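Just so it is clear: in the sequence shown, position 22 is 84 by the numbering used here, and no numbers are missing. Glycine included, every Cβ here is placed at the ideal spot set by N, Cα and C. Since this is a predicted model, take the numbers as computed values, not measurements.
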Amino acid sequence: MKRCAIHCMIVVVLAFVTGCSTPETRSKEKQAAFDHMSAKQKAAVLDGKVEPGMSKDAVYIAFGPPDRVSKGGGVERWIFTKPEFYDIPHWRTRCVQRADGRMTTIPEYDPLQMKRYVDDLEVTFRNGRVTDWKNLNK
63 MKRCAIHCMI VVVLAFVTGC STPETRSKEK QAAFDHMSAK QKAAVLDGKV EPGMSKDAVY
123 IAFGPPDRVS KGGGVERWIF TKPEFYDIPH WRTRCVQRAD GRMTTIPEYD PLQMKRYVDD
183 LEVTFRNGRV TDWKNLNK
């Protein structure tokens, strides 16, 4: 029993330590770039916002790694996605016992819950600096 408690505690600690990446944790990862930002940019980055002239490191700290990158014509675009959940209609039958003891089937609505990733934000860089951004999924 004691070994089980120790193993459970180790799993919880590891989950906590390796948890989600946040702007705060990414700012420590890119500490040198974060230290060179203006106070206004630091506040925007930690708040998860983009501003013109930001570096790639600043955008990385604000949003994490991009899900897709496209390059061409001196422009680089970073696309960030987000999960979207939706249901697919689905019916199934369930066996139940009637009051008289006989078995019967009844239809039951049981939608399949699905997840897909949709484009959420596009950030455009020219010469390594943000020139434009737009929300893609409003």
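So residue i is in the alpha helix (DSSP H); what residue range does that whole segment cover?
| i | result |
| --- | --- |
| E170 | Element bounds for E170: not the alpha helix (DSSP H) but the beta strand (DSSP E), 165-171. |
| P145 | Looking at the DSSP string, P145 is not in any alpha helix (DSSP H); the run it does join, the beta strand (DSSP E), is 137-150. |
Do residue j and residue i have their beta-carbon atoms positioned less than 8 Å apart in this structure?
| i | j | result |
| --- | --- | --- |
| K177 | F142 | no |
| G115 | V192 | yes |
| D149 | P173 | yes |
| V107 | P85 | yes |
| K144 | I123 | no |
| V180 | N197 | no |
| F96 | K102 | no |
Determine the closest residue to residue i out of the options, with distance taken between C-alpha atoms.
| i | options | result |
| --- | --- | --- |
| C82 | F125, S100, F96, D194 | F125 |
| V112 | Q93, E184, R188 | E184 |
| R130 | Y122, W140, T166 | W140 |
| I168 | T155, V180, D162 | T155 |
| T186 | L198, R160, E138 | E138 |
| A94 | A101, G136, K102, D119 | D119 |
| D194 | K92, T84, F96, S117 | S117 |
Looking at the strands, I want to know which residues DSSP matches up with residue i.
| i | result |
| --- | --- |
| L108 | For L108, which the question treats as bridged, DSSP gives no partner whatsoever. |
| T155 | P169 |
| S117 | R191 |
Hey, could you find the ends of the beta strand (DSSP E) residue i is sitting in?
| i | result |
| --- | --- |
| R178 | 174-188 |
| K92 | Counting along the chain, K92 falls outside any beta strand (DSSP E), and DSSP gives it neither H nor E. |
| D194 | 191-197 |
| G134 | 130-134 |
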